[in-house]
Amino acid sequence: GQNIDQPTEMTATEGAIVQINCTYQTSGFNGLFWYQQHAGEAPTFLSYNVLDGLEEKGRFSSFLSRSKGYSYLLLKELQMKDSASYLCALLDDKLIFGTGTRLQVFP
Amino acid sequence: EAQVTQNPRYLITVTGKKLTVTCSQNMNHEYMSWYRQDPGLGLRQIYYSMNVEVTDKGDVPEGYKVSRKEKRNFPLILESPSPNQTSLYFCASTWTSDTSNTGELFFGEGSRLTVL
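First to last, the sequence lines map onto chains A and B. Residue numbering for the first sequence follows our numbering, beginning at 1 and increasing consecutively. Residue numbering for the second sequence follows our numbering, beginning at 1 and increasing consecutively.
Take a look at the structure:
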């Protein structure tokens, strides 16, 4: 199977750095996505990792280690608008989503 | 503007009354999919379509039907809705059905359905 585990909730302070982890159990997959979803809205694409390593996009970075079954999303210089759910998703023969991590950013 | 459009955005209905949620994309995407999102369960795939006239069951297809007569449209049909189908529904699409090259999913704004 492709059980995907993420923490349910996290909190952080404006301006800080937060790391959201995603672990999975699967023998093989094409790549791993991270999506952001504000409450009541559609998910929006953040990143896609195919190879091991770090992909950086402005304040957001995503890391993948296939051998360790592990990915993380790193958010720097947190802003209030970053309060949202962050969904990890594995692409195999189809896209499988984790249940998401709800991040609350406080002033 | 490139987008995925769902209608209705909000609907309250009663058990057994057939309803259709429409989904249309203007990006010439081959792949389209329906998800439902419930608290604590995340996004679960209902049905997907690789191309016109090609549809397949996802993880939770029971109680739903779909059709793909045209590339741009992928309606979700609830023949006899039940309260356990109360959920937030998302339609999504992407460029290619080849999973080794599938790009990001573009999501519609969601349809919140309540079945009484």
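Heads up, the beta-carbon is just placed ideally off N, CA and C, and yes, glycines get one too. Since the structure is predicted, the reported quantities are computational estimates derived from the model, not experimental observations.
- Between the alpha carbons of residue 23 (chain B) and residue 11 (chain A) lies a gap of roughly 35 Å.
- Relative to the Cα of residue 43 (chain A), the nearest Cα in the group B:51, B:92, B:56 belongs to B:92.
- Within the stretch 25–46 of chain B, those residues whose Cβ lies closer than 7 Å to any Cβ of chain A are, in chain order, 40, 41, 42, 43, 45.
- The DSSP-derived three-state label of residue 81 (chain A) is helix.
- Residue 59 (chain B) and residue 95 (chain B) have their C-alpha atoms spaced approximately 22 Å apart.
- Shortest Cα-Cα distance from residue 112 (chain B) to any of A:23, A:30, A:85, A:39 involves A:39.
- With respect to the 8 Å criterion, residue 70 (chain B) and residue 50 (chain B) are not classified as neighbours on the basis of their beta carbons.
- Looking from the CA of residue 67 (chain B), the closest CA among B:79, B:57, B:61, B:53 belongs to B:53.
- Runs of the beta strand (DSSP E) spanning 3 or more residues and lying entirely within the stretch 7–91 of chain A occur at 9–13, 18–24, 31–37, 44–49, 53–57, 60–65, 70–75, 84–91, in chain order.
- With respect to the 8 Å criterion, residue 50 (chain A) and residue 79 (chain A) are not classified as neighbours on the basis of their beta carbons.
- Chain A places a beta carbon closer than 8 Å to that of residue 110 (chain B), counting this residue as a contact.
- For residue 52 (chain A) and residue 65 (chain A), the gap between their C-alpha atoms comes out near 5 Å.
- In this structure, A:45 is the residue among A:28, A:15, A:14, A:45 with its C-alpha nearest to the C-alpha of residue 104 (chain B).
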